[in-house]
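For any residue, its number in the numbering used here is found by taking its place in the sequence shown, counting from 1, and adding 31.
Every residue gets a Cβ at the ideal spot worked out from N, C-alpha and C, and that includes glycine.
From a predicted model like this one, the values you see are computed outputs, not experimental measurements.
The structure under discussion appears below in the form of C-alpha cells.
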Amino acid sequence: MALNPIYSRRRRKDIVIRGLCFAAAAFGVTWLALILITLLFNGLAGLNLELFVADTPPPGSTEGGLRNAIVGSVIMTVIGVGIGAPLGLFAGTYLAEYGRNDKLTSVIRFINDILLSAPSIIIGLFIYGAVVVPMRGFSAIAGSLALAVIVIPVVLRTTEDMLLLVPNPLREAASALGLPRSLVIKRIAYRAARSGLITGVMLATARVAGETAPLLFTALSNQFFSLGLNKTMANLPVTINNFVQSPYAYWKQLAWSGALLITLTVLALNIGARILSAERTAK
Numbered sequence: 032m033a034l035n036p037i038y039s040r041r042r043r044k045d046i047v048i049r050g051l052c053f054a055a056a057a058f059g060v061t062w063l064a065l066i067l068i069t070l071l072f073n074g075l076a077g078l079n080l081e082l083f084v085a086d087t088p089p090p091g092s093t094e095g096g097l098r099n100a101i102v103g104s105v106i107m108t109v110i111g112v113g114i115g116a117p118l119g120l121f122a123g124t125y126l127a128e129y130g131r132n133d134k135l136t137s138v139i140r141f142i143n144d145i146l147l148s149a150p151s152i153i154i155g156l157f158i159y160g161a162v163v164v165p166m167r168g169f170s171a172i173a174g175s176l177a178l179a180v181i182v183i184p185v186v187l188r189t190t191e192d193m194l195l196l197v198p199n200p201l202r203e204a205a206s207a208l209g210l211p212r213s214l215v216i217k218r219i220a221y222r223a224a225r226s227g228l229i230t231g232v233m234l235a236t237a238r239v240a241g242e243t244a245p246l247l248f249t250a251l252s253n254q255f256f257s258l259g260l261n262k263t264m265a266n267l268p269v270t271i272n273n274f275v276q277s278p279y280a281y282w283k284q285l286a287w288s289g290a291l292l293i294t295l296t297v298l299a300l301n302i303g304a305r306i307l308s309a310e311r312t313a314k
C-alpha cells in the first residue's frame, strides 16, 4: 500500500530534523567528554595526598602541592558567595514580590542582564579601580568582592524566577489569615521556592569557582600559605594559569591536577543543582 506523498515528505523532514538535533547534541556531549577525558588522563597522576597538604613548590622543585591555592580559593569563594548571595536574594525578592509592575524593576532587571553577560575581566578591572587602587595593593578581600559582583546577578535572576513560580493563591491564603507581607514571603514564598533558591546559590558558586580574570586584577597570587584578607592570596585559577605557562614539568602536572579539581567541583555543584531542581519539579 503506497503511502500518502504528503505524509512521506513530512516523515522525511522529521527524520532529517531528528538527525540534526541528535548530531548537535552529540557534538556538544563529545567535546565535554573529551575535556573530561583529557583532564582525567593528565590530572589523575598528580592527585595524591601531597597535593592537599603541601604548598606550591619553588621553581625547579619536584615536591609540593596546592594546599595554599586550594585554601585561598575556598576562602575567597565563600566570602564572595556570602556577600553576593544575600544581596542577590534580597534584590530578587524585591523584583518578584514588591515591584512586579514598577518602572524601577525594569531598570534593575536591565542592569542585571548586563551584569550577567558582562565578561568577568571587566568586573575585575572595575574592582581594581574601585578597591585595589585606593587600598594601594592587591588583596583577598578585593578578589572576594569581584566574585561577589559575579554572584549577585546569577542569584538575583534565579530568585526572581523561582519566586514567580510560587502560586499566588498561597500568598493570598496566608494574607487572608492576617500574616504581614514579610511573613508571607518568609514562611510561604521562600519555603515553596527553597530548593530553587539553593540551586541558584549552587550555580553561582560553580560560576565563580574557576574564575581567573577577576582574580588576576584583584587578589593576584603568591607562593605561600596566607589567611590574611588584606594582602595577596594564592588561588587555584591564577596558580593554574601561572604553572601551565612555566617550563617546569612538575608545575605543569600540578596545573593539570588543579584544573581537574576545579572541574570536578563545578561538575558536582551542577549535578547537585540538577538534583534539587528535579526534586522541586517532582513535588
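Under the Cβ criterion (8 Å, minimum of three pairs), the segment 193 to 208 counts as touching the segment 220 to 230. The Cβ atoms of ASP86 and ASN99 sit closer than 9 Å to each other. In the pairwise beta carbon analysis, the segment 275 to 284 is classified as not touching the segment 198 to 212: fewer than three pairs are separated by under 8 Å. Relative to the Cα of LEU247, the nearest Cα in the group LEU187, VAL163, PRO198 and LEU258 belongs to VAL163. The Cβ neighbour count for ALA57, taken over all protein chains shown within 10 Å, is under 16; the residue is labelled exposed. For the alpha helix (DSSP H) assignment, the uninterrupted runs of no fewer than 4 residues enclosed by the segment 167 to 198 are, from N- to C-terminal side, 171 to 195. Comparing C-alpha distances from ARG222 to each of PRO198, ALA244 and PRO90 shows the shortest one belongs to PRO198.
Residue ILE271 holds the alpha-carbon nearest to the alpha-carbon of GLY241 among ARG218, ILE271 and PHE255. LEU258 places its beta carbon 9 Å or farther from that of VAL109. Boundaries of the alpha helix (DSSP H) harbouring PRO36: 36 to 74, taken from the DSSP string. Residue state for ARG131 is assigned as coil, using DSSP reduced to three classes. In this structure, GLY111 keeps its C-beta atom at 9 Å or more from the C-beta atom of ALA161. Under the three-state reduction of DSSP output, LEU214 falls in the helix class. One thing to note: ALA224 has its Cβ no nearer than 9 Å to the Cβ of ARG202.
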